[in-house]
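Report on one structure; see the data block that follows.
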Amino acid sequence: MREADFLRRISERLGRPQPTVPPHRMEIGAPDFWRNPAAHAYAPAERFARELEQVGGMAVSCSSLADLRTKLHDLLAQWQPRRIGTWGGNFVQEMGLNSVLAPYEWIRWGDGGTDAFAHVDVAITGCAFAVAGTGTIVMESSPERGRSVAVLPPVHVVLLRTSQLRHRMGEVLEELAQRKPVLPASIHFITGPSRSSDIENDQTIGVHGPAAVYVLIWPDGAGQP
Amino acid sequence: MTAQSGISERAQSALEDDFLRQAVRFTADRLRGKKQVSTEQLGNWESWRERGQAIRAHTIANLDSYLAQFADRVRQAGGHVHFASDAAEAVEVVLSIARGKGARSVVKSKSMVSEEVHINHHLQNAGIEVVETDLGEYIVQLANETPSHIIIPAIHKTRAQIRDLFTAAGGEQLTTDTKTLAGFARQRLRQKFLAADIGITGCNFGIAETGTVVLFTNEGNADMVANLPKTHIVLMGMERLLPTLEDLEVFANLLPRSATGQPLTAYLSMITGPRRRGDLDGPEELHVVVLDNGRSRQLGDPHFQAVLHCIRCGACLNVCPVYRQIGGHAYGSVYPGPIGAVLTPLLQQDETYADLPYASSLCGACAEACPVKIPLHDMLVRLRQRRAATGRTPALEKSAFHAYRVAFANHRRYRLAFGTARVLQRPLVQDGGIANGVGPLSAWTATRYAPAVAPRSFRARWGELRQTLHGPSGGSRTSEDGDARRQEEGTRDA
Amino acid sequence: MKASLFVTCLVDQFFPQVGEAMVRILDRCGVTVDFPPEQTCCGQPAFNSGYTDEAREVARTLLRAFAESDVVVSPSGSCAGMIRHWYADLFADDPALREQAEAVAAKTFEFSQFLVRLLNRPDLGAYFPHRVTFHPSCHGSRLLGVRDEPLQLLRAVRGLELVDLPYAEDCCGFGGTFAVKMGGISGAMVTEKVEHVCATGAEVLVGTDMGCLMNIGGRLRKLGQPVRVLHLAELLWEGMQAADESGVTQ
Numbered sequence: 238m239r240e241a242d243f244l245r246r247i248s249e250r251l252g253r254p255q256p257t258v259p260p261h262r263m264e265i266g267a268p269d270f271w272r273n274p275a276a277h278a279y280a281p282a283e284r285f286a287r288e289l290e291q292v293g294g295m296a297v298s299c300s301s302l303a304d305l306r307t308k309l310h311d312l313l314a315q316w317q318p319r320r321i322g323t324w325g326g327n328f329v330q331e332m333g334l335n336s337v338l339a340p341y342e343w344i345r346w347g348d349g350g351t352d353a354f355a356h357v358d359v360a361i362t363g364c365a366f367a368v369a370g371t372g373t374i375v376m377e378s379s380p381e382r383g384r385s386v387a388v389l390p391p392v393h394v395v396l397l398r399t400s401q402l403r404h405r406m407g408e409v410l411e412e413l414a415q416r417k418p419v420l421p422a423s424i425h426f427i428t429g430p431s432r433s434s435d436i437e438n439d440q441t442i443g444v445h446g447p448a449a450v451y452v453l454i455w456p457d458g459a460g461q462p
Numbered sequence: 007m008t009a010q011s012g013i014s015e016r017a018q019s020a021l022e023d024d025f026l027r028q029a030v031r032f033t034a035d036r037l038r039g040k041k042q043v044s045t046e047q048l049g050n051w052e053s054w055r056e057r058g059q060a061i062r063a064h065t066i067a068n069l070d071s072y073l074a075q076f077a078d079r080v081r082q083a084g085g086h087v088h089f090a091s092d093a094a095e096a097v098e099v100v101l102s103i104a105r106g107k108g109a110r111s112v113v114k115s116k117s118m119v120s121e122e123v124h125i126n127h128h129l130q131n132a133g134i135e136v137v138e139t140d141l142g143e144y145i146v147q148l149a150n151e152t153p154s155h156i157i158i159p160a161i162h163k164t165r166a167q168i169r170d171l172f173t174a175a176g177g178e179q180l181t182t183d184t185k186t187l188a189g190f191a192r193q194r195l196r197q198k199f200l201a202a203d204i205g206i207t208g209c210n211f212g213i214a215e216t217g218t219v220v221l222f223t224n225e226g227n228a229d230m231v232a233n234l235p236k237t238h239i240v241l242m243g244m245e246r247l248l249p250t251l252e253d254l255e256v257f258a259n260l261l262p263r264s265a266t267g268q269p270l271t272a273y274l275s276m277i278t279g280p281r282r283r284g285d286l287d288g289p290e291e292l293h294v295v296v297l298d299n300g301r302s303r304q305l306g307d308p309h310f311q312a313v314l315h316c317i318r319c320g321a322c323l324n325v326c327p328v329y330r331q332i333g334g335h336a337y338g339s340v341y342p343g344p345i346g347a348v349l350t351p352l353l354q355q356d357e358t359y360a361d362l363p364y365a366s367s368l369c370g371a372c373a374e375a376c377p378v379k380i381p382l383h384d385m386l387v388r389l390r391q392r393r394a395a396t397g398r399t400p401a402l403e404k405s406a407f408h409a410y411r412v413a414f415a416n417h418r419r420y421r422l423a424f425g426t427a428r429v430l431q432r433p434l435v436q437d438g439g440i441a442n443g444v445g446p447l448s449a450w451t452a453t454r455y456a457p458a459v460a461p462r463s464f465r466a467r468w469g470e471l472r473q474t475l476h477g478p479s480g481g482s483r484t485s486e487d488g489d490a491r492r493q494e495e496g497t498r499d500a
Numbered sequence: 039m040k041a042s043l044f045v046t047c048l049v050d051q052f053f054p055q056v057g058e059a060m061v062r063i064l065d066r067c068g069v070t071v072d073f074p075p076e077q078t079c080c081g082q083p084a085f086n087s088g089y090t091d092e093a094r095e096v097a098r099t100l101l102r103a104f105a106e107s108d109v110v111v112s113p114s115g116s117c118a119g120m121i122r123h124w125y126a127d128l129f130a131d132d133p134a135l136r137e138q139a140e141a142v143a144a145k146t147f148e149f150s151q152f153l154v155r156l157l158n159r160p161d162l163g164a165y166f167p168h169r170v171t172f173h174p175s176c177h178g179s180r181l182l183g184v185r186d187e188p189l190q191l192l193r194a195v196r197g198l199e200l201v202d203l204p205y206a207e208d209c210c211g212f213g214g215t216f217a218v219k220m221g222g223i224s225g226a227m228v229t230e231k232v233e234h235v236c237a238t239g240a241e242v243l244v245g246t247d248m249g250c251l252m253n254i255g256g257r258l259r260k261l262g263q264p265v266r267v268l269h270l271a272e273l274l275w276e277g278m279q280a281a282d283e284s285g286v287t288q
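Protein chains in written order, with this note's numbering: chain A, 238 to 462; chain B, 7 to 500; chain C, 39 to 288.
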């Protein structure tokens, strides 16, 4: 059906010849009490960790970037992954991870095609935001930050700066809305590992996406928003 | 199961399936319990519902404008938008995209709209392999069935049945252990994702101001369906819009909590157009197919427009005492439960599903559970009104209500009718009850005693009763009292 | 206070003792009760089956019967709910009748609602030394919003042990004509309800709607389960008489 006809049918049913500008509305987004910071009077890093662990993820608190490298080193030593995949671009250098990754086979997003990431055991990425109230990390796609990095491997390690933490999803959505008209092609809100209860209500993790999500949180000194 | 039989017959076979009933009860209980906990944790649930209702009502009342905006934004982000008046048009759009790509395989994530247009059937007829990738949908597909719950499609399958299905699909030495079964699906479906030419998803919400398609999943399969194949087709009901990104926060709270009691699903994915310049993954083409298929008929209808507010959470199924007894397949329709009993006969206004609105005791649990406050209970009543107005209700029922009108619209005829009943019931009554009724009453007495009409009605007792009251109620007897008494005593003597 | 009794067709013809208990309680509370004889039925059986014209004609008996009443009180949350929730809509096409319908709707109350909210009498001084469970009727609680009132009345009864009914809020499967039209489903629903009732170990099941109670009671009787089924008014009146006799005071 032609778009114009399709829309006209709707307009006519709604009692007008063509679409009109929607009236001003008072009720946009979350209720006022939810927008009030008083409703979220908790320390975001602790809350984030608690919520993430509730859904089967693991939060690791780091005192500094150096501490983060040590903790990442220890985790990898424990897992002994056959292959690690990271974001592309300068991510590894910026985070100073070269020596941590050196003992392992590792690839960056962009080294080879998507298929290469289908054989990665551990993905290491940053994120754009995190939502403390639900233990959620937010990933945005870009040429150096492929969508598949976080979804294909069985383990996903996220390096989160405290300045990226928000209390509630609405704050992230408001910041995203600033980037209208065109958002990043893909934005993922990820809350813990992939899971399903489709077999006799028995919850299992890692059905398609990662079975383990580790978030290493470090204070980047930029202060809380 | 098709809708060739009526809901009563289909319900009867469901009632004889003990596993099904136990599984449905167990799942419904679990989801209800989790929903309660998660809404209490959130707090102010009524305020959230009211906000959700307000946003949905505003969106639907201005759907033409928001849909035009959404389509513009999708195109601005590099996507294509197609408008399908009905299921056949939607199928044709998908098939022509598939033909244009020379597609041989399609992966899908869960989508009720795709069930509504039976896209799998049509793609397979065109020689294209279709693989459902949601674990529950995959199970249902292997069993050659349809989903029996909006959120938990394979609610009716045992793990032993699932093992057998997976074994038939090539699984080796599988146990009935959940991990093993899920592991087989992961490995098998991973190959399908990487090899597929087209990915088809539904759309939980479309954001009008940005042209964004929003998907809620727990498994992560929708992300793979959307990201890995070169072409991504989104099938969306035309009512699925929200005006702004900010509005999404409300529905990110309402939908997962109402559906599964989760504060948020594991994945909430926002897709705005196809891959951008320089991106190494994501689809090269994004097609959004917007489906009407009977939805626009509800617009402007004072009683039914609100059915388009539905966000497909399944909360009404989980509280419905009828769904609890018979499960989803007995409805015979794509959408089961209370929302299905309302939506299905509205979308398809012929005889096929005309009996669904009667599959309800009108208890109102559905409306109470609905996160956007759709008055499902009222709609069920109004659909029955609509049905009765066509004159196609059963003759016996019509004559029964005709008789009711004659007898009950006047108190004298009413007394006479019950007087007659007192006489007629005599052969059936034992100890003030009826164990085995005849005619329609036998549907009642199959499981329970029926009460007998009392020897003397309240109104026949009233005259004497009021004489014994302390307060100033006691007064002169009206002729009515005498009438009632004489009449009932008369019929007793008859 | 003066109140008109809307006894409902079911209580009038099948369970007159419920109407009597209710009148006696109201009388004891100082309410002047009258019974307008023109009343028959609220019209719900036809209305819920989609037969609007039939329902409307029957409903008019109530508009006439209660035109002069100050307050209308009924032993059924379902019938009171029908009046409150639907009457304005049922008579929407006739402005004069609609006005009458709205007037009747505004002054109609279910029995426990009337006692607790209007009379402010949650404690009737009753004595009823039994284990009791309560089934909240769907229409009373959901259409009419009567949720806590029956429980307040029961909690005030001396000697009464109130046990929670599991899945209390689930429909018993009555649903008027549904019970006959979809007899199999309705039977499965009442079977589950009765399992929950029996699981409580209660001697008495109490409710605020005879439709639900005759359904649940009919199933209990079919199974030979020795659970007494009582309308709230019956229980309270029995308890008030027991208190009189035993000298249990308020």
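Even glycine gets a Cβ: it sits at the ideal position worked out from N, Cα and C. The model shown is predicted, which means the values in this text are computed figures rather than measured ones.
Output the residue ranges of the alpha helix (DSSP H) runs that lie fully inside the segment 388-428 of chain B and measure 4 residues or longer, sorted by chain position.
-> 401-414
Going along the chain, which residues of the segment 86-101 of chain C sit with their C-beta nearer than 8 Å to a C-beta in chain B?
-> N86, S87, G88, Y89, T90, D91, E92, E95, V96, R98 and T99
Under the rule that 16 or more other beta-carbon atoms within 10 Å means buried, what is B:L314, buried or exposed?
-> buried
Pick from C:F166, C:G214 and C:F149: whose alpha carbon is nearest that of C:N158?
-> C:F149
So, helix, strand or coil for A:F366, using DSSP?
-> strand
Check the Cβ of B:V459 against every Cβ in chain C and list those closer than 8 Å, keeping chain order.
-> Q51 and F52
When the Cα of B:C316 is compared with those of B:V429, B:I156 and B:R194, which residue comes out closest?
-> B:I156
Closer than 8 Å, Cβ to Cβ, to anything on chain B: give me those residues from the segment 145-173 of chain C, in chain order.
-> none
Quick one: Cα of B:E225 to Cα of B:A272, how far?
-> 7 Å
Per DSSP, C:M248 is paired with what?
-> In DSSP, C:M248 forms no bridge with anything.
Report the residue ranges of all beta strand (DSSP E) runs contained in full by the segment 152-200 of chain C; include only those spanning at least 3 residues, in chain order.
-> 169-173
Keeping to the same chain, check which residues put their C-beta closer than 6 Å to that of C:V110; ignore five residues upstream and five downstream.
-> S42, F44, F104, K145 and T146
Taking only runs that begin and end inside the segment 321-368 of chain A, name each unbroken alpha helix (DSSP H) of 4 or more residues, in chain order.
-> 328-332, 335-338 and 351-354
Any C-beta of chain C under 8 Å from that of B:C322 | no
Which residues in the same chain have their Cβ closer than 8 Å to the Cβ of C:R155, if we skip the five residues on either side of it in sequence?
-> F147 and E187
Of the choices B:S302, B:A441 and B:I380, whose alpha-carbon is the least far from that of A:R250?
-> B:S302
Going along chain B in order, which residues have a C-beta closer than 7 Å to the C-beta of A:D439?
-> T184
Through-space distance from C:G81 to B:T65, alpha-carbon basis = 37 Å
Neighbouring residues, chain B, relative to C:Q263 (Cβ below 9 Å) | Correct list: empty, because the minimum Cβ distance to chain B is about 11 Å.
Are three or more beta carbon pairs between the segment 369-381 of chain A and the segment 279-291 of chain A nearer than 8 Å?
-> yes
Over the uninterrupted alpha helix (DSSP H) stretch that includes B:E3, give me the two end residues.
-> Residue 3 of chain B lies beyond the range of chain B shown here (7 to 500); nothing can be said about it.
Going along chain A in order, which residues have a C-beta closer than 8 Å to the C-beta of B:G279?
-> V419 and A422
Indicate whether at least one CB of chain B lies closer than 8 Å to the CB of A:E240.
-> yes
Under 8 Å between the Cβ atoms of A:I344 and A:G322?
-> yes
Out of B:E470, B:I206 and B:Q28, state which residue places its alpha-carbon closest to the alpha-carbon of B:V136.
-> B:I206
Using a Cβ-Cβ cut-off of 8 Å, state whether B:F89 counts as contacting chain A.
-> yes
Proximity of B:V123 and B:V87 at Cβ, strictly below 8 Å = no
CA-CA distance, B:Y341 and C:N86?
-> 23 Å
Please determine, among B:L422, B:R282 and B:Y329, the residue with the shortest C-alpha to C-alpha distance to B:H162.
-> B:Y329
Taking only beta-carbon atoms, is C:R185 less than 8 Å away from chain F?
-> The structure shown has no chain F; the protein chains it does contain are A, B and C.
Using a Cβ cut-off of 8 Å, pull out every chain A residue sitting near B:S275, in sequence order please.
-> S423, I424, H425 and F426
Give a yes or no on whether the minimum CB-CB distance between B:S479 and chain C is below 8 Å.
-> Here the model assigns B:S479 a pLDDT of 48, short of 50, so the residue's position is not dependable, and the following value carries that caveat. Interface residue, yes.
Considering only C-alpha positions, which residue in the set A:F328, A:M332 and A:N438 is nearest to B:T164?
-> A:N438
Starting from the Cα of B:P446, find the closest Cα among C:G214, C:R266 and C:C47 and give me that residue.
-> C:G214
Between which two residues does the beta strand (DSSP E) containing C:K40 stretch?
-> K40 to L43
DSSP state of A:F243 mapped onto helix, strand, coil = helix
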